[in-house]
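So the structure is just underneath, and the comments pick up after that.
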Amino acid sequence: MSGLFVCCSLFASLLTFNPSDGLLKNSLAAPAYFLQSIFSSNSLPAQTKNAKSYTIALVGDSMTHTLSTADPLRDALKSYYPEKEFGILNFGIGATSILTVPERLLTQTQREDEGLPAILDTKPDIILLESMGNNPLSELPLSEGLKKQNETLDRIVKIIEEERPKTVLIFVGTIAPLKEKYALGIVDLTAEQRISWANERIAYIKNHIKYAQTHNISLINLFDISQTESGEGRAEFISQKDFIHPSQEGIEFIQKQIADFIFNQKIIPR
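Numbering-wise (our numbering), the sequence shown opens with residue 174 and increments by one.
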């Protein structure tokens, strides 16, 4: 992995972009992509059909893989929908970026010694697409990386619209990191580098959230609700082993929030 040092002014212009705050004034600092996406939408449904059973695909990196068989999610959904059955498929693959998802939707992939089918071949009723911000496109300058992220999300949405037009797509902004301890004990970094790494990842997580908001895509914003008042990630949700992945409490929190969202937003008809 490699760090990316970004000045605060660039972060401010990218992460606080709002079309009502003077669009042209921010256009040089913010990706031009946002100028084209303010009124964008998609043709995917916001609610599934009424059925006895549902297939839910979890798509992401190791933050998703950590959820394993997602038993807490299944149990929470069963408590909300006792008459329905849920097949939950975890397609999380560690050390992969958002750039891998278009191919994973359509072709078989490998996760360590395990072969995974093409995601869309499993005919999911719901796809939960995690932000994958913990695997940023560090080989690119931040502005170019965010633009590439947006372009890839465009491709993902288009593929699902064309191949599985009745699938509900939900974006998931993952839990906020502990900036001062990010990857502590795993990667040898200075204090400044550690914060820089965390800030880069935050930029990609926030951009994932922004994309959902500007494209009328359902959004589970774990990032905002997993922060303290000071804007730091909540320590109880972060593994003390690597200070990257969710702790057991974090794993349960993530899955409970997903189930609550599906029920409260009536993604599955009651």
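Here a beta-carbon is modelled for each residue, glycine too, at the ideal position from N, C-alpha and C.
How would you write the range of the beta strand (DSSP E) that residue i sits in, first residue to last?
i, result
"Gly260", "Glu258 to Asn263"
"Arg284", "Thr282 to Arg284"
"Ser226", "Ser226 to Val232"
"Ile299", "Ile299 to Glu303"
"Leu272", "Where Leu272 is concerned, there is no enclosing beta strand (DSSP E), given that its DSSP letter is neither H nor E."
"Gly288", "Glu287 to Leu289"
Tell me which residues share the same chain as residue i and place their Cβ nearer than 8 Å to its Cβ, disregarding the 5 neighbours each side in the sequence.
i, result
"Ala224", "Lys257 and Asp298"
"Gln430", "Ile393, Leu395 and Ile398"
"Gln400", "Ala349, Gly406 and Arg407"
"Thr325", "Ile271, Leu272, Val274 and Pro275"
"His238", "Asn263, Gly265, Ile266, Gly267 and Arg284"
"His418", "Ser235, Met236, Thr239, Ile411 and Ser412"
Could you pull the DSSP bridge partners for residue i from this structure?
i, result
"Ser391", "Ile343"
"Gly423", "DSSP output for Gly423 lists no bridge partner at all."
"Ile382", "Ile382 is not bridged to any residue."
"Ile411", "Pro419"
"Gly267", "Paired residues: none, contrary to the question."
"Gln400", "Gly406"
Over what stretch of residues does the alpha helix (DSSP H) that includes residue i continue unbroken?
i, result
"Ser235", "Ser235 to His238"
"Glu335", "Leu315 to Glu336"
"Leu246", "Asp244 to Tyr253"
Please work out which residues of its chain come closer than 7 Å, Cβ to Cβ, to residue i, disregarding the five sequence neighbours upstream and downstream, and give them in chain order.
i, result
"Glu334", "Asn215, Ser216 and Leu217"
"Asp415", "Ala356, Gly358 and Ile359"
"Ala432", "Leu246, Ala249, Leu250 and Tyr253"
"Lys439", "Gln220"
"Ile328", "For clarity, residue 328 is Arg in the given sequence; the question names Ile instead. Pro275, listed in sequence order."
How many whole angstroms separate the CB atoms of residue i and residue j, which I take to be in contact at a CB cut-off of 8 Å?
i, j, result
"Asn380", "Leu313", "The Cβ separation is near 13 Å, so there is no contact."
"Leu342", "Ile300", "5 Å"
"Asp305", "Ile271", "Reading off the sequence shown, one finds Met at residue 305, where the question assumed Asp. Between Ile271 and Met305 the Cβ distance is about 5 Å, and since that is below 8 Å, they are a contact."
"Thr242", "Lys296", "About 19 Å; that fails the 8 Å criterion."
Taking 8 Å as the cut-off, decide whether the C-beta atoms of residue i and residue j are in contact.
i, j, result
"Asn308", "Ala349", "no"
"Ile424", "Leu395", "no"
"Gln473", "Pro275", "As displayed, the chain neither begins before 174 nor continues past 443, which places residue 473 out of reach and without an answer."
"Gly233", "Glu287", "no"
"Ser420", "Ser412", "yes"
"Phe447", "Glu422", "This structure cannot settle anything about residue 447, because the visible part of the chain is limited to 174 through 443."
"Leu240", "Phe264", "no"
"Ala385", "Phe434", "no"
"Glu373", "Leu315", "yes"
"Ile378", "Gly346", "yes"
By Cβ distance below 6 Å, which residues in the same chain neighbour residue i in space, the five residues on each side in sequence not counted?
i, result
"Tyr206", "Any reading at Tyr206 needs caution, since the residue's pLDDT is 43, under 50, leaving its predicted position unreliable; the model's value is listed next. These residues qualify, in order along the chain: Lys320 and Asn323."
"Leu278", "Ile292, Leu293 and Ile332"
"Thr221", "Asp298, Val341 and Ile441"
"Arg367", "Tyr355"
"Ile266", "Arg284"
"Val330", "Asn215"
"Phe259", "Tyr227, Arg247 and Leu250"
"Glu317", "none"
"Lys352", "Ile368 and Ala371"
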